[in-house]
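Single-structure report; data block below.
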Amino acid sequence: MKLLEQLIQSAKQAPSRIVVCEADDPRILQAAYDAHHQGIAKMILVGDKTRIEDTATQLQINLSDLVLEDPQLSSKADILCEALVKQRAHKGMTEDKARTALLDPLCFASMLVHCNYADGSVAGAVYSTADVVRSALQIIGKSPDADLVSSFFLMLLNQPHHPVQKGVIFSDCGLVINPSEEELAAIAIAATQSANILLQTEPRVAMLSFSTAGSANHPAVTKVTRAAQRVKAALPHLAIDEDVQFDAAIIPTIAAKKIKNSSVNGAANVFIFPNLEAGNIGYKIAERLGGAVAIGPLLQGLAKPANDLSRGCSTQDIFYVITVTSLQAQNRTDL
């Protein structure tokens, strides 16, 4: 878990303001408290004040130095309402609708990020992925320099049987169902940026396929190779293998047999799956059979960080996602 310790130490260098909107959930509150008191993030708790305080009492947590925002009591309500009307006026948002919408803690938290009261948000222990992503897209919005919003998992390979001991990026495993070659290239570029922030080493990209170096001729392979060529054009110095099977992407001896003139040489740390079906199956196999630690799904391509949680997440899972979100906020390119 060395990479996690490195990420935690990096987050402590400049802790970001991270908001959670399910703060009455014991898992969320404990993780937020731990992150705040370890100096990883400056936490903002959103939700019903009484319920959050009741949960804190059960956990024997002192909330005195955490920021608590109750949507029904907040002094920021008028400012957020005005901003939400402006943000969503083209979709028929009115003041009355905005005030009602802001009573939803998820909407309120997203607006805190939109209005720069917070640097990033974490949700999904109670809310569905669809709700979290919809709020992020509608309120926080896409980054001006991103072609689309996609997702990734930070996978930690830390078991004795893993062929390498390191962190890797799997993308997209949670959002874009059947990307075009243009979208697949955008996912790869975004995942490379995520790797720069989180892996603390040079990205080495594998565009995964059932083909390696043209061993199969099929439209699905062509999509992958054309996407890889788009990535190469955008990032000419990036180490990337076009169509490559997983074994050749991660085992140097297999890569040496299958790929001539590889720039990755079986040492990939960013794995781009050809579609969501493959990505979702792949990360779950790595986690459930392979014993890898899966942190995510994490979002990439947003104007500001907003990350999802599994509803079955543990306090430790949430703590790690808060850490990653704090680092993403530190490394925003538009600052």
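Going by my numbering, the sequence shown opens with residue 481, and the numbers climb by one from there. Glycine included, C-beta positions come from ideal geometry on N, C-alpha and C. As the structure is a prediction and not an experimental result, all values here were calculated from the model.
Proximity below 9 Å, CB of residue i to CB of residue j
| i | j | result |
| --- | --- | --- |
| Ala707 | Ala668 | yes |
| Ala809 | Ser496 | yes |
| Ala665 | Ser651 | no |
| Ala616 | Val629 | yes |
| Pro585 | Cys653 | no |
| Lys703 | Ser660 | yes |
| Leu688 | Ala758 | yes |
| Ser554 | Ala786 | no |
| Thr535 | Leu509 | yes |
| Leu483 | Gln709 | no |
| Leu592 | Leu807 | no |
Nonlocal neighbours in the same chain, by C-beta distance under 8 Å from residue i, ignoring five residues either side
| i | result |
| --- | --- |
| Val744 | Arg684, Val685, Ala686, Ala719, Ile720, Asp721, Val724, Ala729, Ala735 |
| Leu546 | Ala512, Tyr513, His516, Met523, Ile524, Leu525 |
| Asn542 | Ala536 |
Residue burial classification, residue i (beta-carbon count within 10 angstroms, cutoff 16)
| i | result |
| --- | --- |
| Ile761 | exposed |
| Thr803 | buried |
| Asn872 | The question about residue 872 has no answer here: the residues shown for the chain are numbered 481 through 815. |
| Asp797 | buried |
| Asp814 | Residue confidence is low: Asp814 scores 46 on pLDDT, short of 50, so the model does not pin down where it sits. Its coordinate-derived value is still stated next. Asp814 should be labelled exposed. |
| Gly781 | buried |
| Ser544 | exposed |
| Glu485 | exposed |
Option in the options with minimal Cα separation from residue i
| i | options | result |
| --- | --- | --- |
| Pro732 | Pro643, Arg531, Thr530 | Pro643 |
| Leu634 | Asn811, Thr805, Arg812 | Thr805 |
| Ser742 | Asn658, Ala693, Ile657, Asn542 | Ala693 |
| Ala598 | Gln645, Leu548, Asp625 | Leu548 |
| Pro777 | Tyr763, Pro640, Lys784, Ala581 | Tyr763 |
| Arg579 | Leu564, Ser590, Gly572, Val593 | Leu564 |
| Ser691 | Phe726, Pro785, Asp550, Lys622 | Phe726 |
| Leu715 | Thr672, Lys740, Leu583, Cys587 | Thr672 |
| Pro754 | Glu663, Ile498, Met573 | Glu663 |
| Asp528 | Arg791, Thr795, Ala503, Gln538 | Ala503 |
| Leu769 | Leu592, Leu637, Thr530 | Leu637 |
7 Å Cβ shell around residue i - same chain, five flanking residues per side excluded
| i | result |
| --- | --- |
| Lys492 | Gly519, Ile520 |
| His594 | Ala563, Gln567, Ile619, Ile620 |
Proximal residues to residue i (C-beta, below 6 Å), its chain only, five neighbours per side dropped
| i | result |
| --- | --- |
| Tyr800 | Ile775 |
| Phe588 | Val526, Pro551, Leu582 |
| Asp861 | For residue 861 there is no data in the structure shown, the boundaries of the chain being 481 and 815. |
| Asp627 | Ala666 |
Quick check for students: name the residue ranges of the beta strand (DSSP E) that lie wholly in the segment 570-594, counting only runs of 3 or more. none
Please go through the segment 676-719 and give each complete alpha helix (DSSP H) segment of 4 or more residues, from N-terminal end onward. 699-714
Just list the alpha helix (DSSP H) runs in the segment 485-532, keeping only unbroken ones of 4 residues or longer that don't cross its boundaries, in chain order. 506-517
Run through the segment 641-680 for me and flag every whole alpha helix (DSSP H) of 4 or more residues, listed as ranges in chain order. 661-678
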